[in-house]
Amino acid sequence: MTPGPEPLRTLYVSHSFPLRGDPLSNVGGMQRVATGLHAALAAHPGVRLSSLVLETSWEDTPRRMIPFMAGLLRGIPRAVETQGIQVVLFSSMVTATLALPLRRRLAAHGARLAAIPVGLDVTLPVLPYQWLVPRVLRSLDVVLPISRATARECLARGAPPERVHVIPCGVDTASFSPPADRAAARRELLETLGAAGAIPPGALLLCSVGRHQERKGFHWFVGEVLPRLPADVVYLLGGDGPMTPAIRREVERHGLGDRVRLLGRVSEEMLGKLYRGADLFVMPNVPVVGDIEGFGVVMLEAGLCGLPVLAADLEGIRDVVREGESGHLVPSGDAGAFASLVLRYAGDRDALARASASASRYVADTFSWEAVADHHLRILRSAAPVGERPRSLGSATTP
0 MTPGPEPLRT LYVSHSFPLR GDPLSNVGGM QRVATGLHAA LAAHPGVRLS
50 SLVLETSWED TPRRMIPFMA GLLRGIPRAV ETQGIQVVLF SSMVTATLAL
100 PLRRRLAAHG ARLAAIPVGL DVTLPVLPYQ WLVPRVLRSL DVVLPISRAT
150 ARECLARGAP PERVHVIPCG VDTASFSPPA DRAAARRELL ETLGAAGAIP
200 PGALLLCSVG RHQERKGFHW FVGEVLPRLP ADVVYLLGGD GPMTPAIRRE
250 VERHGLGDRV RLLGRVSEEM LGKLYRGADL FVMPNVPVVG DIEGFGVVML
300 EAGLCGLPVL AADLEGIRDV VREGESGHLV PSGDAGAFAS LVLRYAGDRD
350 ALARASASAS RYVADTFSWE AVADHHLRIL RSAAPVGERP RSLGSATTP
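Laid out in structure tokens, this is it:
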């Protein structure tokens, strides 16, 4: 029997990990991608993983980044030289900026450099940073954007097309699953929220989770869509951020205090209860110059728990939602279209149940972290050696 290939010696570099034991200290799409892929690669038999990661709160990240990056200038070459690292994998373009000063030294030891562009880490509209991004992209041997939208932004900034390969984010199928009894899950959710008597038993529960940034469109949804819906449609919104005051103003302006619940940052346990007890997940993004939605991991988590997604037909969201299978894509900013879909499911709970089962099945079959880790390994193994002209890695595809 022919033995398989040796595990790929990989160094994983990320600045996006939460504090140990406190997952709420640093939350967001980039963080979930970084930690989820790290766990999947660490468990993969084809990878021998070493790590250099910054564990920090969201608030402390700017202060801690400079000493962390300075330490990587020494730590990455040391790991490559002492451990025989074959691939250095940066979890975003932020840490990948170190490819510029380190490339020549690492190439001398045969190490390949790869990075996972997420979205804003490519498009951040700051002139010096935009001067830097094309140079970083050209210094990498492999560029692994998480969506076609992010890939287009990389290509527009000079990433060599033959080095670009799209690999989507994954979801932890062990942590998220549909409830055996959604009615019981709903009761548990309402009791946890202290809303068992305040929210009507037959109300349709919409939910969203994410950092309250302008591109997420939560303020727009509260101000433009909810007023079009009947009183028995309730919106549960997790997260916080700079747009939270604007969301509160929309709630007050439209008198929606009894129909919008701002939950703040939610624990992993509460997140599971929210996904399993609600009826529909809403991703109402709006376009913002220089700030794209690279993917949307929360849509995978919600879908795996049986929540059909109603999402803006925009950017990386298009790579997550399969029309009619995991939910629906809606023109961004079309309040009438969002309201119409909500009303359709409010009036046909059998259709909602069918859509719930379809969403869970589709996400589980398509986006497991195990499949995503396999795809990363295939691409990284096929990358050309440093210093030679890279052979084509194929067109942008998903697993």
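Here numbering that gives the first Met the number 0 is used: the sequence shown runs in plain steps of one and ends on residue 398. Even for Gly, the Cβ is constructed at its ideal location relative to N, Cα and C.
Buried or exposed (CB count within 10 angstroms, at least 16 for buried), residue i
i, result
"PRO116", "buried"
"ARG275", "buried"
"TRP399", "Any question about residue 399 goes unanswered here, given that the chain covers just 0 to 398."
"ALA179", "exposed"
"THR81", "exposed"
"LEU139", "buried"
"LEU72", "exposed"
"VAL288", "exposed"
"VAL125", "exposed"
"PRO283", "buried"
"ILE65", "exposed"
"GLU152", "buried"
"GLU58", "exposed"
"SER15", "buried"
"ARG258", "buried"
"GLU322", "exposed"
"GLY271", "buried"
"GLY305", "buried"
"SER331", "buried"
"GLU190", "exposed"
"ALA150", "buried"
"GLU292", "buried"
"SER266", "exposed"
"ASP347", "exposed"
"ALA69", "exposed"
"GLY315", "buried"
Under the three-state DSSP convention, the category residue i falls into
i, result
"PHE16", "strand"
"THR96", "coil"
"ALA9", "The sequence as given places Thr at residue 9; Ala does not occur at that position. If DSSP states are grouped into helix, strand and coil, THR9 belongs with the strands."
"SER381", "helix"
"PHE294", "coil"
"PHE89", "strand"
"PHE280", "strand"
"HIS164", "coil"
"VAL250", "helix"
"VAL287", "coil"
"SER367", "strand"
"GLY305", "coil"
"ARG31", "helix"
"GLY263", "strand"
"GLY386", "Residue placement at GLY386 cannot be trusted, given a pLDDT of 37 that sits under 50; what the coordinates show is reported in the next sentence. Correct three-state label for GLY386: coil."
Beta-carbon contacts of residue i that lie in its chain and below 6 Å, excluding the five residues immediately before and after
i, result
"ALA158", "LEU136 and VAL142"
"SER13", "ALA33, VAL52 and SER90"
"GLU387", "Caution is warranted here: a pLDDT of 39 is assigned to GLU387, below 50, making its placement in the model unreliable, and no coordinate value can be reported."
"LEU340", "LEU309 and HIS327"
Residue j beta carbon less than 9 Å from that of residue i
i, j, result
"ARG295", "VAL329", "The sequence given here has Gly at residue 295, not Arg. For GLY295 and VAL329, no; Cβs fall outside 9 Å."
"LEU225", "LEU261", "no"
"GLY222", "HIS253", "yes"
"ARG343", "ALA350", "yes"
"PRO286", "SER355", "no"
"LEU303", "PRO177", "yes"
"VAL250", "LEU204", "no"
"LEU10", "ALA78", "yes"
"LEU313", "GLY326", "no"
"GLU54", "ARG31", "no"
"SER49", "ILE84", "yes"
"ALA148", "GLY118", "yes"
"ALA382", "ARG47", "no"
"LEU97", "TRP368", "no"
"PRO76", "ARG104", "yes"
"HIS375", "LEU88", "yes"
Contacts around residue i, its chain only, beta-carbon distance under 7 Å, and the 5 residues preceding and following it disregarded
i, result
"ALA155", "none"
"MET92", "ALA114, PRO116, ASP120, VAL121, VAL132 and VAL135"
"GLU300", "VAL170, PHE175 and TYR274"
"GLY209", "LYS215, GLY238 and VAL297"
"ALA363", "THR172 and LEU303"
beta-carbon residue i near the ligand COA non-hydrogen atom, thresh 8 Å
i, result
"VAL208", "As for the ligand COA, it is missing from this structure, which has no ligand bound."
Sequence-distant residues of the same chain with beta carbon closer than 8 Å to residue i, five excluded per side
i, result
"MET242", "HIS211, GLN212, GLU213, LYS215, PHE217 and HIS218"
"PRO167", "ILE145, SER146, PHE294, ASP318, VAL319, PHE366, VAL371, THR397 and PRO398"
"PHE337", "PHE220, VAL224, VAL281, PRO283, LEU309 and VAL329"
Item to check | Completely contained beta strand (DSSP E) runs for the region 212 to 248, where each covers 3 or more residues | outcome: Runs found: 232 to 237.
Checklist entry - Fully enclosed by the region 131 to 161, which alpha helix (DSSP H) runs are 4 residues long or longer? => result 147 to 155
Item to check | Length at least 3, wholly inside the region 36 to 123: the beta strand (DSSP E) runs in chain order | outcome: 46 to 54, 86 to 89 and 111 to 114
Item to check | Whole beta strand (DSSP E) elements within the region 170 to 210, 3-residue minimum | outcome: 203 to 208
Item to check | Whole beta strand (DSSP E) elements within the region 317 to 354, 3-residue minimum | outcome: 326 to 329
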